[in-house]
Amino acid sequence: MRLMKDNLTVTVMGTLRRNKAFLHETFQSKNNLLKNQLFHLETVVSLVSCQSKKGKNVFLLSTMHSVPQRCETSGKPEVVLTHNKSKGSVDTMDQMAYAFTEKTKRWLLVVLFNIIDLSTNATRVISKQGFHDDN
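Following the numbering used here, the numbering of the sequence shown begins with 1461 at its first residue and continues without gaps.
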């Protein structure tokens, strides 16, 4: 299959809340940023903190970006621009999956229904692209 032959890597990108225990103290402080960004790089994960509005810090976690890069035109970190581009796709997938959700209060069933919804939507998207086996 074509997807198996390609050397694809899975990346994770998303936002974090300030109250997470694994965040460094410099990221948890409210007054550490005034229209600038903080970068914290590990071997696998990069964490970017930037201030979108006064008093509101945004924390972005990414496995895709290993070097802190900024856009030449806007000056924003590359992680923020990539997150904003992919945010619409996630919202669209959530809207498509919400049409088929079953209302329940049992968390295990919620997880199961979510996995089924997302996998059926992903299957539909792949079949619309004309994915065929090369063999």
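From the three backbone atoms N, C-alpha and C, an ideal C-beta is built for every residue, glycine too.
Just so you know, these numbers come straight off a predicted model, no measurement behind them.
- Query: Which of the three DSSP states, helix, strand or coil, is assigned to GLY1474?
  - Reply: Strand at GLY1474.
- Put LEU1463 into one of helix, strand or coil per three-state DSSP. For LEU1463, the predicted structure reports a pLDDT of 44, less than 50, and the residue's modelled location is therefore unreliable. A value from the coordinates is still provided. Reduced to three states, the DSSP call for LEU1463 is helix.
- Determine the contact status of THR1475 and VAL1508, defining contact as a CB-CB distance below 8 Å. no
- Message: In the DSSP assignment, the alpha helix (DSSP H) including LYS1588 goes from what residue to what residue?
- Response: Taken as a continuous stretch (DSSP letters only), the alpha helix (DSSP H) holding LYS1588 covers 1567-1588.
- Query: Helix, strand or coil: which one does DSSP assign to LYS1536?
  - Reply: Here DSSP, grouped into helix, strand and coil, assigns LYS1536 to coil.
- Run of the beta strand (DSSP E) containing LYS1516, from where it starts to where it stops: 1516-1522
- Message: Suppose you measure from the CA of MET1473 to the CA of MET1524; what does that come to, to the nearest Å?
- Response: 7 Å
- Contacts around LYS1588, its chain only, beta-carbon distance under 8 Å, and the 5 residues preceding and following it disregarded: none
- Query: ILE1576 to VAL1570, Cα distance in whole Å?
  - Reply: It is roughly 10 Å from the alpha-carbon of ILE1576 to the alpha-carbon of VAL1570.
- Beta-carbon separation of LEU1520 and VAL1540 under 8 Å? yes
- Message: Out of LEU1568, LYS1563, TRP1567 and ALA1582, which one is the CA nearest neighbour of THR1552?
- Response: ALA1582
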